[in-house]
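For the record, the sequence lines run as chains A, B, C and D. Residue numbers for the first sequence follow the working numbering, so the first one is 10 and each next one is one higher. Residue numbers for the second sequence follow the working numbering, so the first one is 10 and each next one is one higher. Residue numbers for the third sequence follow the working numbering, so the first one is 10 and each next one is one higher. Residue numbers for the fourth sequence follow the working numbering, so the first one is 10 and each next one is one higher.
4 protein chains.
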Amino acid sequence: MHDAALRILVTGGTFDKSYDELDGRLRFRDSHVPEMLRLGRSRLAVEVETLMLIDSLDMTDADRARVVEACRRAPEQRLVVTHGTDTMEHTARALGAAGLPKTIVLTGAMVPYTFGSSDGLFNLGSALAFAQVLPAGTYVAMNGRCFGWDSVRKNRGTGVFEERA
Amino acid sequence: MHDAALRILVTGGTFDKSYDELDGRLRFRDSHVPEMLRLGRSRLAVEVETLMLIDSLDMTDADRARVVEACRRAPEQRLVVTHGTDTMEHTARALGAAGLPKTIVLTGAMVPYTFGSSDGLFNLGSALAFAQVLPAGTYVAMNGRCFGWDSVRKNRGTGVFEERA
Amino acid sequence: MHDAALRILVTGGTFDKSYDELDGRLRFRDSHVPEMLRLGRSRLAVEVETLMLIDSLDMTDADRARVVEACRRAPEQRLVVTHGTDTMEHTARALGAAGLPKTIVLTGAMVPYTFGSSDGLFNLGSALAFAQVLPAGTYVAMNGRCFGWDSVRKNRGTGVFEERA
Amino acid sequence: MHDAALRILVTGGTFDKSYDELDGRLRFRDSHVPEMLRLGRSRLAVEVETLMLIDSLDMTDADRARVVEACRRAPEQRLVVTHGTDTMEHTARALGAAGLPKTIVLTGAMVPYTFGSSDGLFNLGSALAFAQVLPAGTYVAMNGRCFGWDSVRKNRGTGVFEERA
Numbered sequence: 010m011h012d013a014a015l016r017i018l019v020t021g022g023t024f025d026k027s028y029d030e031l032d033g034r035l036r037f038r039d040s041h042v043p044e045m046l047r048l049g050r051s052r053l054a055v056e057v058e059t060l061m062l063i064d065s066l067d068m069t070d071a072d073r074a075r076v077v078e079a080c081r082r083a084p085e086q087r088l089v090v091t092h093g094t095d096t097m098e099h100t101a102r103a104l105g106a107a108g109l110p111k112t113i114v115l116t117g118a119m120v121p122y123t124f125g126s127s128d129g130l131f132n133l134g135s136a137l138a139f140a141q142v143l144p145a146g147t148y149v150a151m152n153g154r155c156f157g158w159d160s161v162r163k164n165r166g167t168g169v170f171e172e173r174a
Numbered sequence: 010m011h012d013a014a015l016r017i018l019v020t021g022g023t024f025d026k027s028y029d030e031l032d033g034r035l036r037f038r039d040s041h042v043p044e045m046l047r048l049g050r051s052r053l054a055v056e057v058e059t060l061m062l063i064d065s066l067d068m069t070d071a072d073r074a075r076v077v078e079a080c081r082r083a084p085e086q087r088l089v090v091t092h093g094t095d096t097m098e099h100t101a102r103a104l105g106a107a108g109l110p111k112t113i114v115l116t117g118a119m120v121p122y123t124f125g126s127s128d129g130l131f132n133l134g135s136a137l138a139f140a141q142v143l144p145a146g147t148y149v150a151m152n153g154r155c156f157g158w159d160s161v162r163k164n165r166g167t168g169v170f171e172e173r174a
Numbered sequence: 010m011h012d013a014a015l016r017i018l019v020t021g022g023t024f025d026k027s028y029d030e031l032d033g034r035l036r037f038r039d040s041h042v043p044e045m046l047r048l049g050r051s052r053l054a055v056e057v058e059t060l061m062l063i064d065s066l067d068m069t070d071a072d073r074a075r076v077v078e079a080c081r082r083a084p085e086q087r088l089v090v091t092h093g094t095d096t097m098e099h100t101a102r103a104l105g106a107a108g109l110p111k112t113i114v115l116t117g118a119m120v121p122y123t124f125g126s127s128d129g130l131f132n133l134g135s136a137l138a139f140a141q142v143l144p145a146g147t148y149v150a151m152n153g154r155c156f157g158w159d160s161v162r163k164n165r166g167t168g169v170f171e172e173r174a
Numbered sequence: 010m011h012d013a014a015l016r017i018l019v020t021g022g023t024f025d026k027s028y029d030e031l032d033g034r035l036r037f038r039d040s041h042v043p044e045m046l047r048l049g050r051s052r053l054a055v056e057v058e059t060l061m062l063i064d065s066l067d068m069t070d071a072d073r074a075r076v077v078e079a080c081r082r083a084p085e086q087r088l089v090v091t092h093g094t095d096t097m098e099h100t101a102r103a104l105g106a107a108g109l110p111k112t113i114v115l116t117g118a119m120v121p122y123t124f125g126s127s128d129g130l131f132n133l134g135s136a137l138a139f140a141q142v143l144p145a146g147t148y149v150a151m152n153g154r155c156f157g158w159d160s161v162r163k164n165r166g167t168g169v170f171e172e173r174a
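Okay, here's the thing in structure tokens:
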């Protein structure tokens, strides 16, 4: 299997939150994605591009348009978008509706990477694998599973991603 | 995308080593795979079966035959085999030569899961994703990449998996 | 040196906050002090009593009176009080003013114990040591140092405890 | 309470072992003590001096003489010695027999600091506190407790430090 060139587009979300010990709040500083790739001993040819570092509850339509545009202009055919889980399905729909001829996989985390018990590393490994293999289309990779952009929702009660009827 | 039923066959390796604080040695106790699936918030339909818990340098031909046989008799079509990295390529070749009509992905870790800086969670997420999507065949998922069974080797100098000429 | 019986009075604070992955907020569930004592392989004769689990910014005079009363009625002569850092100096003064004939050491953490980079374990080890050795009085143990109750303040700009002029 | 100047003398031991992912062995690289002081947000005036980085089972009488000599020539009155647990009691006796007019506290860890579940940070906090407060003499700080140099042994069966009859 030959290596596909990949790009990771960072938008923020729980994935990248840090604990600010001066005021006890969760904040964004820099993305942890490069450190996560090092920890995973990744040898993929991957570019990391930080588009924004925001909570996905704060993501506007204009922000989503920026994500779509960044995916469009990326030279790579295979993209991973890190994203807050709360509105990941909305950005997935914006990307899916754009119908770009690329493989785009959104992923995120329920717990910040810097905290001991994060699912972030598992999800990043999963998303990068799906992005290398799946045909063009927009997908959400969470909970070890992969969903099409038009058939996924986050269950707010359980925090689990599931098929949308 | 519908869920494929998966089985994880545990053979040991660095993945599952623990530090024995009484004698300062690395030992096997139980597999950490179930805990890793919990940490990854996995919702995959997955069976975990511990075949053996050994260092892959100690793996004999008879052990490899057991792994092949376990893959053959597993009711699932999609399998992940956790394995020490030192001889992973040998077991991959035994599995590849058996030519089972199943998707089999071997993975492992450079650092034990219980230590802070393990690549195990990244690799497990990656292997489970590849196993869900790739066609029948035997593969090695390490360093974020996926290799066919007949074209992979571990570079002992760098600890990195790479294509075999 | 013979073992002094100790009591740890838990009041909450950053020490004991957990990340709630359903709403992304920091919450109290149970105290992590028992788990921290296990991790520290503590063999001290110590009772853990959870008085309250609150943010120290929410601590009222009535709460402080409860802490003083709990110290008074404790059968042990040597006490550690876990406390949020923001108002630790106020509770120290309430305890100091009460003039109980006991050794009372307040401590806390800048980062929740469950996050990877917490100072909590260091501070707990430090506080328990000071509590075993110092004469009767009220103290604050933070940043590896120990301060008398009437001469300590938290520098809000740096997050560091220092002598009060 | 005014700050006592402290020196930490590093000799190695489990405290400072790292996992070498190329050969799967535990090795010494650099001491983790400076990083542990940062994690503990220590603001103590402390010098860290690495005397040696060895397993305490490999410590010879000549090594012990070097430790005694380093304690003697240190400008500080208050010293912490990090040490492997297996022969900590022997070095404690060598130091105790030397009768230096200083407070010397030996400590170590049952699990390497870089692994997730280490008692090292707890022990370091504890040892630094005892070293600041106790009168001149040689002590062992482990399991949250502090022992005089002539009355301590490690129970090899349980890994716990206890009073020697």
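We treat Cβ as the ideally placed atom computed from N, Cα and C, and that holds for glycine.
Beta-carbon to beta-carbon, Val120(C) and Glu30(A) are separated by about 5 Å, close enough to satisfy the 8 Å threshold. Here Ser65(C) has Thr20, Gly21, Gly22, His92, Gly93, Thr94, Asp95, Thr96, Met97, Thr100 and Gly117 as same chain residues with Cβ atoms under 8 Å from its own Cβ, once five neighbours each way along the sequence are excluded. Arg75(D) and Asn152(A) have their C-alpha atoms roughly 55 Å apart.
For Asp70(C), there is no enclosing beta strand (DSSP E); the enclosing alpha helix (DSSP H) covers residues Asp70 to Arg82. Residue contact with chain D for Leu31(B): present (Cβ-Cβ distance below 8 Å to some residue of chain D).
In this structure, the beta-carbon distance from Gly49(B) to Asp32(A) does not fall below 8 Å. If you ignore the 5 residues before and after Arg173(B), its C-beta comes within less than 7 Å of the C-beta of Ser160, Val161 and Arg162, all in its own chain and listed in chain order. The residues Gly49, in chain order, have a CB closer than 8 Å to that of Gly134(A) in the same chain once the five nearest residues on each side in sequence are set aside. Rounded to the nearest whole angstrom, the CA to CA distance from Asn132(D) to Ala107(D) is 24 Å. Its chain contains Val19, Asp25 and Thr59 as the residues whose beta carbon lies nearer than 6 Å to that of Ser40(D), once the 5 sequence neighbours on both sides are disregarded; these appear in chain order.
Taking a Cβ-Cβ threshold of 7 Å, none of the residues of chain D is close to Leu88(C); the smallest such distance is about 15 Å.
For the region 114-128 of chain B, residues whose beta-carbon sits nearer than 8 Å to a beta-carbon of chain D comprise Met119, Val120, Pro121, Thr123, Phe124, Gly125 and Ser126. Around the beta carbon of Arg154(A), a 10 Å sphere encloses 16 or more other beta carbons of the protein chains shown; the residue is thus reported as buried. Shown here, Met151(C) sits in a strand according to DSSP, grouped into three states. Comparing C-alpha distances from Met45(D) to each of Phe139(C), Gly125(C) and Asn164(C) shows the shortest one belongs to Gly125(C). When secondary structure is reduced to three states using DSSP, Glu98(C) falls in the helix class. The residue among Leu109(D), Pro43(D) and Tyr122(D) with its C-alpha nearest the C-alpha of Tyr28(B) is Tyr122(D). In the DSSP assignment, Phe170(C) is bridged to Lys163(C). Shown here for Cys80(B): same chain residues with a beta carbon closer than 8 Å to its own, the five before and five after excluded, namely Leu18, Leu88, Val90, Leu104, Ala107, Leu109, Lys111 and Ile113 in chain order. Contact between Leu15(C) and Ala145(C) fails: their C-beta atoms lie close to 14 Å from each other, not under 8 Å. The three-state reading of DSSP puts Arg52(D) in coil, since its state is none of H, G, I, E or B.
The CB of Ala74(A) never comes closer than 7 Å to any CB in chain B; the least such distance is about 27 Å. A residue is called buried once 16 or more other Cβ atoms fall within 10 Å of its Cβ, and Arg47(A), having fewer, is exposed.
Residue environment for Asp70(B): exposed (fewer than 16 other C-beta atoms within 10 angstroms of its C-beta).
Counting along the chain, Val90(A) sits inside the beta strand (DSSP E) bounded by residues Arg87 to Thr91. Counted as a single uninterrupted DSSP element, the alpha helix (DSSP H) harbouring Ser135(B) occupies residues Gly129 to Val142. Around the beta carbon of Asp72(C), a 10 Å sphere encloses 16 or more other beta carbons of the protein chains shown; the residue is thus reported as buried. In chain order, Val89, Val114, Thr116 and Ala150 place their CB closer than 7 Å to the CB of Ala136(D), counting only its own chain and leaving out the 5 sequence neighbours on each side. According to the DSSP assignment, Phe24(B) belongs to no beta strand (DSSP E), since it is labelled neither H nor E. Contact annotation: Val57(B) and Val77(B) have beta-carbon atoms that are not nearer than 8 Å. Nearest CB-CB separation between Leu18(D) and chain C: not below the 8 Å threshold.
Close to Thr59(B), with beta-carbon spacing below 9 Å, lies no residue of chain D; the smallest spacing is near 20 Å. DSSP lists Arg87(B) and Gly146(B) as the beta-bridge partner residues of Thr112(B).
Against chain D, the CB of Val169(C) has a partner CB under 8 Å away; the residue lies at that interface. The DSSP-derived three-state label of Val120(D) is coil. For Trp158(C) against Arg82(C), the beta-carbon gap comes to about 20 Å, at or over 8 Å, which does not count as contact.
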